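Peer 1: With this note's numbering as the guide, the letters of the sequence shown map in order to residues 224 to 727. Glycine included, C-beta positions come from ideal geometry on N, C-alpha and C. All figures in this text were calculated on a predicted structure; none of them were measured in a lab. Could you have a look at this structure, given as structure tokens, before my questions?
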Amino acid sequence: MGIKQSMSDIRVTYAGLISFLGGLIALATGIIFALIVTRTLSPEEYGSWGLILSVVGYFVMIQPIITYWTTREIARNLDSGKTAVASTVGLSFGILPIFIIIAFFLADQTGINHDVFFFAIILIPTTFLNGVLIAINLGYKPHAIGFSTIFFGLSEIPLALIFVYYLEMGISGVILTVAIAHIVSIIILLVYARQKIRNKFKKEYLRKWLKFSWIPLYPSVYNILGESTIVIFTLISGSIIGIAYWVASLVLASIIAPAGLVSRAVYPKLLEDKGKTFFRDNITLLFYFGILFTSLVIIFARPGLFALNPFYEIAVPVVVIMVIEGFLVLLTNVFQTALIGIEKVDTFTGSTSKDYLKSNLFHVNTLRLIQTIGYVIILIVGLIILTQYTNSEIDLLVYWAIIALITQIPLVSYFAILIKRNFESPFDLKRILKFLIVSIAMSILTHFLLEQFITYTPDLYLFLPNVLLLIIFGVGIYLISTYIIDSKTRYLFSAIIGEIIKKK
Numbered sequence: 224m225g226i227k228q229s230m231s232d233i234r235v236t237y238a239g240l241i242s243f244l245g246g247l248i249a250l251a252t253g254i255i256f257a258l259i260v261t262r263t264l265s266p267e268e269y270g271s272w273g274l275i276l277s278v279v280g281y282f283v284m285i286q287p288i289i290t291y292w293t294t295r296e297i298a299r300n301l302d303s304g305k306t307a308v309a310s311t312v313g314l315s316f317g318i319l320p321i322f323i324i325i326a327f328f329l330a331d332q333t334g335i336n337h338d339v340f341f342f343a344i345i346l347i348p349t350t351f352l353n354g355v356l357i358a359i360n361l362g363y364k365p366h367a368i369g370f371s372t373i374f375f376g377l378s379e380i381p382l383a384l385i386f387v388y389y390l391e392m393g394i395s396g397v398i399l400t401v402a403i404a405h406i407v408s409i410i411i412l413l414v415y416a417r418q419k420i421r422n423k424f425k426k427e428y429l430r431k432w433l434k435f436s437w438i439p440l441y442p443s444v445y446n447i448l449g450e451s452t453i454v455i456f457t458l459i460s461g462s463i464i465g466i467a468y469w470v471a472s473l474v475l476a477s478i479i480a481p482a483g484l485v486s487r488a489v490y491p492k493l494l495e496d497k498g499k500t501f502f503r504d505n506i507t508l509l510f511y512f513g514i515l516f517t518s519l520v521i522i523f524a525r526p527g528l529f530a531l532n533p534f535y536e537i538a539v540p541v542v543v544i545m546v547i548e549g550f551l552v553l554l555t556n557v558f559q560t561a562l563i564g565i566e567k568v569d570t571f572t573g574s575t576s577k578d579y580l581k582s583n584l585f586h587v588n589t590l591r592l593i594q595t596i597g598y599v600i601i602l603i604v605g606l607i608i609l610t611q612y613t614n615s616e617i618d619l620l621v622y623w624a625i626i627a628l629i630t631q632i633p634l635v636s637y638f639a640i641l642i643k644r645n646f647e648s649p650f651d652l653k654r655i656l657k658f659l660i661v662s663i664a665m666s667i668l669t670h671f672l673l674e675q676f677i678t679y680t681p682d683l684y685l686f687l688p689n690v691l692l693l694i695i696f697g698v699g700i701y702l703i704s705t706y707i708i709d710s711k712t713r714y715l716f717s718a719i720i721g722e723i724i725k726k727k
């Protein structure tokens, strides 16, 4: 038996551009937030905050039990919104005792203040509720996620100034800032999703989610393994400072994240089953922005780390490797999402567990699990050996980043092959090569100017304006050059203006 199709008529370009805009604003506010935190917290405190985030991340990985199916059902016009929200709230409070036990153990092992770790409990329900509302809007009005992202970022800055900078609350201030910012995001998402949560609570949805919970939980296995690398590094190296370097590097590497947001609406659009012709243009758009952002992070790795805190400046090699790996992960995520989006096994009520095992819902996650297991094993073995010969956190972190990069290459390559098998001419290689050549030329010129005109002074008011001017210069060179040499880029600029003024 089939499922009726959604009438939401998701607009991929519009939703993608709104998400991209939201990502850019969140990027700017996130950098400001990071500057406040890194300039206020000691490296030990910042490393502790990174560890807390990692532990919270473990628990968030069980949320797809509900959110995984919610997006698919909402996109297909099934009314599971209220059931999803109520179930998620119950789940978030149900796991709090487990969080307390883990927090107590890690606080003892790492020397982090117990009270601070326990205070992080407030991040669990706020993160869970925000996550389920994102899942609902992703299948209904994906552009709403972009708006919530904007308000999340804008609220972080004044909150961080109050709690972290002026009141000097340390890690507790950071936790409170993030929790309240999540509440702001939740309000925005609720406004957009209100039509989808006015239905009744239906046990049949919950029974289905629990019956097939192994499908969304299966990816959590490799996600948990991946998140465990922070704890693994801490326990093997015994270094919280190393985690501080890693988290600071991650702040810069994550600058490429907005590029992936242009493909946010691909998944619900494929679920609507209204064709695949849009996919080629969307993937090209992903490369267009992804190449630009990756180049910028590589060029400005040193000034970026210096701005966060001069203490982190020596981690430049880590940032460079991490951002290249991050771009490959971004591609992997979009490819995986597309492959799952075209899977129809859950549109039939008679599908058995065997059918699910044969589907993309299981197959692509198995590939990622294999990759992650290999990554973690090589990392553990290498760290154990290297710690016998060096005490340098940077050497250990460079090794960590290299292993992450090398083990990602086979996975993204195979996913690209699967995409070519399932989508007609998905990669516009000629245009992608144009973007790459322009980015290399832009990078060389901008790096030369950077070396000539930037003076590294701890005074951010003197340092940042010159860096920002060079960033604007580099972006301008890239945009203008691609506009001149690529006709579809010229059309893209016109389309962006059209989408901005067009009615929803």
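I'd like the list of long-range same chain contacts for VAL552, defined as Cβ closer than 7 angstroms, with 5 residues on each side in sequence excluded.
Peer 2: For VAL552, where only same-chain residues beyond five positions count, the Cβ hits under 7 angstroms are GLN631.
Peer 1: Rounded to the nearest angstrom, how far is the Cβ of PHE373 from that of ALA524, given a contact under 8 angstroms?
Peer 2: First, the residue type needs correcting, since residue 373 is Ile and not Phe in the sequence shown. Actually they do not touch by this definition, with Cβ atoms about 26 angstroms apart.
Peer 1: Buried or exposed: which applies to HIS337, given that a residue is buried once 16 or more other Cβ atoms fall within 10 Å of its Cβ?
Peer 2: With fewer than 16 Cβ atoms within 10 Å of its Cβ, HIS337 is classed as exposed.
Peer 1: Under three-state DSSP, which class holds ASP578?
Peer 2: If DSSP states are grouped into helix, strand and coil, ASP578 belongs with the helices.
Peer 1: Using the three-state DSSP reduction, which class does THR400 fall into: helix, strand or coil?
Peer 2: Here THR400 sits in helix by DSSP.
Peer 1: Take the Cβ of ARG591 as the centre, count every other Cβ of all protein chains shown within 10 Å, and call the residue buried at 16 or more, exposed below.
Peer 2: Answer is buried; the Cβ neighbour count reaches 16.
Peer 1: For SER717, does the count of other Cβ atoms within 10 angstroms reach 16, so buried, or fall short, so exposed?
Peer 2: With fewer than 16 other Cβ atoms within 10 Å, it is exposed.
Peer 1: So does the region 553 to 563 actually touch the region 278 to 285, counting three or more Cβ pairs closer than 8 angstroms?
Peer 2: Judged by Cβ distances under 8 angstroms, the region 553 to 563 makes no contact with the region 278 to 285, as fewer than three pairs qualify.
Peer 1: By DSSP, does ILE708 sit in helix, in strand, or in coil?
Peer 2: Reduced to three states, the DSSP call for ILE708 is helix.
Peer 1: Do ASN505 and THR261 count as a contact pair if the criterion is CB distance below 8 angstroms?
Peer 2: Taking 8 angstroms as the Cβ cut-off, THR261 and ASN505 do not qualify as a contacting pair.
Peer 1: If I follow the unbroken alpha helix (DSSP H) through GLN675, where does it start and stop?
Peer 2: 652 to 676 is the span of the alpha helix (DSSP H), which, as asked, contains GLN675.
Peer 1: Specify the secondary structure class of PHE286 as computed by DSSP and reduced to three states.
Peer 2: Reading off the sequence shown, one finds Gln at residue 286, where the question assumed Phe. In this structure, GLN286 counts as coil in the three-state DSSP scheme.
Peer 1: Within the same chain, show all residues whose beta-carbon is closer than 6 angstroms to that of LYS364, passing over the 5 residues directly before and after it, in chain order.
Peer 2: The residues are TYR415.
Peer 1: Could you say if the region 481 to 489 and the region 508 to 518 meet the contact criterion of at least three C-beta pairs nearer than 8 angstroms?
Peer 2: Segments in contact, yes.
Peer 1: Touch check for the region 672 to 684 and the region 642 to 652: three-plus C-beta pairs under 8 angstroms?
Peer 2: At 8 angstroms Cβ cutoff, the stretches do not touch.
Peer 1: With H, G and I counted as helix, E and B as strand and the rest as coil, what does DSSP make of LEU264?
Peer 2: The answer is coil: DSSP assigns LEU264 none of H, G, I, E or B.
Peer 1: Closest Cβ-Cβ distance between LYS567 and chain D: below 8 angstroms?
Peer 2: Here chain D cannot be found, since the structure has a single protein chain.
Peer 1: With a threshold of 6 angstroms on Cβ separation, who are the neighbours of LYS305 within its own chain once the five nearest residues in sequence on each side are excluded?
Peer 2: Same-chain partners within the cutoff: ILE420, ASN422, PHE424.
Peer 1: Inspect the beta-carbon positions of VAL541 and SER472 and report whether they are closer than 8 angstroms.
Peer 2: In this structure, SER472 lies closer than 8 angstroms to VAL541 by Cβ.
Peer 1: Can you list, in chain order, the stretches of the alpha helix (DSSP H) that have 4 or more residues and sit fully within the region 394 to 470?
Peer 2: List check, alpha helix (DSSP H) in window: 394 to 416, 426 to 434, 437 to 460.
Peer 1: If you draw a straight line from the C-alpha of PRO681 to the C-alpha of ASN645, how long is it?
Peer 2: Their Cα atoms are separated by approximately 52 angstroms.
Peer 1: Using the C-alpha atoms, what's the distance from ASN300 back to MET230?
Peer 2: With a pLDDT of only 39 at MET230, under the threshold of 50, the placement of this residue in the model should not be trusted, and no figure is reported.
Peer 1: Identify which residue in LYS431, TYR490, GLU548 has its Cα closest to the Cα of GLY573.
Peer 2: Of the listed residues, the one whose Cα sits closest to GLY573 is LYS431.
Peer 1: Taking all protein chains shown into account, decide if LYS643 is buried (16 or more other Cβ within 10 angstroms of its Cβ) or exposed.
Peer 2: So LYS643 counts as exposed.
Peer 1: From what residue to what residue does the alpha helix (DSSP H) around LYS364 run?
Peer 2: Segment: none, LYS364 is in no alpha helix (DSSP H) and carries neither H nor E.
Peer 1: Between which residues of its own chain and GLY564 is the CB-CB distance below 6 angstroms, once the five residues before and five after are set aside?
Peer 2: Result list for GLY564: TYR490, LEU493, LEU494, in chain order.
Peer 1: Between which two residues does the alpha helix (DSSP H) carrying ASP618 extend?
Peer 2: Element bounds for ASP618: 616 to 645.
Peer 1: Please go through the same chain and pick out, in chain order, the residues whose beta-carbon is closer than 7 angstroms to the beta-carbon of TYR598, but skip the five residues on each side of it.
Peer 2: ILE626, ALA627, THR630.
Peer 1: For TYR441, count neighbouring C-beta atoms within 10 Å of its own C-beta (all shown protein chains included) and say buried if the count is 16 or more, exposed if not.
Peer 2: With 16 or more Cβ atoms within 10 Å of its Cβ, TYR441 is classed as buried.
Peer 1: Closest to ALA326 by CA distance: which of PRO348, THR290, PHE351, VAL279 is it?
Peer 2: For ALA326, the nearest C-alpha among the options comes from VAL279.
Peer 1: If you compare alpha carbons, which of ILE380, VAL698, SER371 is closest to ILE411?
Peer 2: ILE411 has its Cα closest to that of SER371, out of ILE380, VAL698, SER371.
Peer 1: Please list, in chain order, all residues of the same chain as TYR445 whose beta carbon is under 7 angstroms from its beta carbon, the five residues on each side excluded.
Peer 2: Only ARG591, LEU592, THR595 meet the Cβ criterion.
Peer 1: Where do the N-terminal and C-terminal ends of the alpha helix (DSSP H) with ASN556 fall, by residue?
Peer 2: It spans 539 to 564 - the alpha helix (DSSP H) in which ASN556 sits, taken as one unbroken run.
Peer 1: On a CA-only basis, which of GLY699, PRO266, VAL690 is nearest ILE464? Give me that one, please.
Peer 2: Measuring from the Cα of ILE464, the nearest candidate turns out to be PRO266.
Peer 1: Is DSSP giving PRO649 helix, strand or coil here?
Peer 2: Here PRO649 sits in coil by DSSP.
Peer 1: Return the first residue and the last residue of the alpha helix (DSSP H) that LYS305 is part of.
Peer 2: It spans 304 to 317 - the alpha helix (DSSP H) in which LYS305 sits, taken as one unbroken run.
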